[in-house]
Amino acid sequence: MFKSAALRLTIGYLAIIMALSIGCSVALYYVSSNELAQSAQRPVDLYNVVFGPNNTSDINDLRLRQLEKDRSSLKINLLLFNIGVLVIGGGVSYILARRTLAPIEEALEMQKRFTGDASHELRTPLTAMQAEIEVALRSPELTKKEAINLLESNLEEVGKLKNLSEGLLALATTIGNDGTKTKEEMPVRQLVEAAINQASKPAAAKRIKLSGNITDAQIAGNPQQLTNLLVILLDNAIKYSPTGSHVNVDAKIRDKQVVIDVIDRGRGIAAADLPHIFERFYRADSSRTKNQTHGYGLGLAIAKKIVDLHHGSINAKSTPSKGSTFTVILPRVN
Ligand code: ADP
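Heads up: the sequence shown begins at 4 in my numbering, then just goes up one per residue.
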């Protein structure tokens, strides 16, 4: 599909180049041939003045033949020039066409991968539900207890589907909407406190202590998105930490930036997984369990997108079995 699009675009670019080149050549030909005609005329006038008008017919013929010769060599030169433009312009047009299409091709490829990943993730709980329902329907004497078990299991899968669709929606909204257009200045303290507040419920459920150590600094951005970013990091810290542990958020100033660390003492991330955790649908192997508390590998992809939109950076350091530190760096408002 992209090959034929590149070809069509090449032809389009080439047509524009050739139209310009041929147009200029035709204009140049008429201007130059007029100039030649005038300069061929001038010496004849001069002869007329010096030798009288009767001896000029031979000279006139000679000048006219010379004029025709000059005109045809001008034509040949312009033709050769246009053939050169056609060859070089063809190459340049093809390169330009490929360059124009490259970002579209990349975006389409990403969308294809995303749709494939999303449908795979959607299919997994649906297949589990379908299999359970089919087995139950085939059973001639389904007891009430078995029916309740089936419904409970189905409900769990429906919960997963709901979480997944919410994650997909959050990702699509973040990607499609550049929230930084509604930019506001805010103290980083306000952001961290809002995020800690939102994460307090799951933390309490695991008796995890949440604390903040925040320097006063101003940052600019979309408050909703920036709070979501910290909530994602806090939710993960809670999710992957043992009951009764401690998660803290440190925010400090470094030069013209604000550095926010979310530190947990949880299970950590293996070195092999670390480079991939910000990819969509990536989960470290041990998270790929059927446990409902684990997500779909969308949280950190959303976090990364939010940080990118705010011209910041995010990275993670981790020691397996000891804990992880996620660091967000955002530009500071002076
Ligand atoms: P998920 O919804 O699966 O948590 P994320 O995109 O938020 O997806 O995280 C991707 C993966 O990174 C997780 O599956 C998990 O393996 C790992 N991870 C993220 N945060 C932490 C953390 N604080 N501690 C340990 N592992 C983490």
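All residues carry an ideal CB built from backbone N, CA and C; glycine is no exception.
Only a predicted model underlies this, so the values are computations on that prediction, with no experimental measurement involved.
What is the rounded straight-line gap between the Cα of residue i and the Cα of residue j?
i, j, result
"Y97", "K115", "25 Å"
"T292", "N337", "Unreliable placement is indicated for T292, whose pLDDT of 48 sits below 50; no coordinate value is reported for it."
"P226", "F5", "40 Å"
"G119", "R283", "12 Å"
"I266", "L236", "9 Å"
"N294", "L158", "Note on N294: pLDDT 49, under 50, position unreliable in the model; the coordinate value appears next. Approximately 14 Å, taken between the alpha carbons."
"L312", "N231", "13 Å"
"T176", "G302", "13 Å"
"A254", "V234", "15 Å"
"V138", "K204", "38 Å"
"V331", "L277", "15 Å"
"K148", "E155", "11 Å"
"G215", "G298", "25 Å"
"I272", "F329", "11 Å"
"A197", "G93", "58 Å"
"G87", "Y285", "52 Å"
"N63", "S24", "34 Å"
"G300", "S168", "13 Å"
"I151", "A121", "30 Å"
"R101", "K307", "29 Å"
"E135", "T146", "14 Å"
"R268", "A304", "22 Å"
"V95", "N85", "15 Å"
"E187", "L153", "49 Å"
"I107", "G170", "25 Å"
"L356", "A8", "Outside the displayed span of the chain (4 to 337) sits residue 356, for which this structure offers no information."
Check the Cβ-Cβ distances between residue i and every residue of chain D, and say whether any is below 8 Å.
i, result
"S28", "Among the chains in the structure shown there is no chain D, since it carries only a single protein chain."
Heavy atom of the ligand ADP less than 7 Å from the Cβ of residue i, yes or no?
i, result
"R116", "no"
"K1", "Nothing in the structure corresponds to residue 1, since the chain is present only between 4 and 337."
"G162", "no"
"I317", "no"
"S327", "yes"
"R270", "yes"
"I349", "Lying outside 4 to 337, the shown extent of the chain, residue 349 is not represented and no answer is given."
"I263", "no"
"I136", "no"
"Y97", "no"
"G93", "no"
"N239", "yes"
"R286", "yes"
"Y299", "yes"
"D120", "no"
"A304", "yes"
Inset, instruction - Can you check the stretch 158 to 237 for any alpha helix (DSSP H) of at least 4 residues that lies completely inside it and give the ranges in chain order? - result: List check, alpha helix (DSSP H) in window: 191 to 208.
Legend entry - Touching by the beta-carbon criterion (3+ pairs, under 8 Å), the stretch 191 to 207 and the stretch 148 to 163: Taking 8 Å as the limit for Cβ pairs, the verdict is that the stretch 148 to 163 does not touch the stretch 191 to 207.
Inset, instruction - State whether the stretch 233 to 249 contacts the stretch 208 to 221, with contact taken as three or more CB pairs (one from each stretch) at a distance under 8 Å. - result: Output reads yes: the stretch 208 to 221 touches the stretch 233 to 249.
Legend entry - Inter-stretch contact at 8 Å, needing at least 3 Cβ pairs: the stretch 254 to 269 / the stretch 213 to 224: The stretch 254 to 269 is in contact with the stretch 213 to 224.
Legend entry - Segment contact, 8 Å Cβ cut-off, at least three pairs: the stretch 72 to 83 with the stretch 19 to 34: Short answer: they touch.
Legend entry - Those runs of the alpha helix (DSSP H) which lie wholly inside the stretch 262 to 323 and span at least 4 residues: Residue ranges of uninterrupted alpha helix (DSSP H) with 4 or more members, entirely inside the stretch 262 to 323 and ordered along the chain, are 302 to 312.
Legend entry - Segment contact flag, the stretch 268 to 276 with the stretch 309 to 326, C-beta cutoff 8 Å, min 3 pairs: As far as the Cβ criterion goes, the stretch 268 to 276 touches the stretch 309 to 326, which means the pair count is three or higher.
Legend entry - Ordered list of beta strand (DSSP E) runs contained in the stretch 15 to 100, each at least 3 residues: Segments of the beta strand (DSSP E) lying fully in the stretch 15 to 100: there are none.
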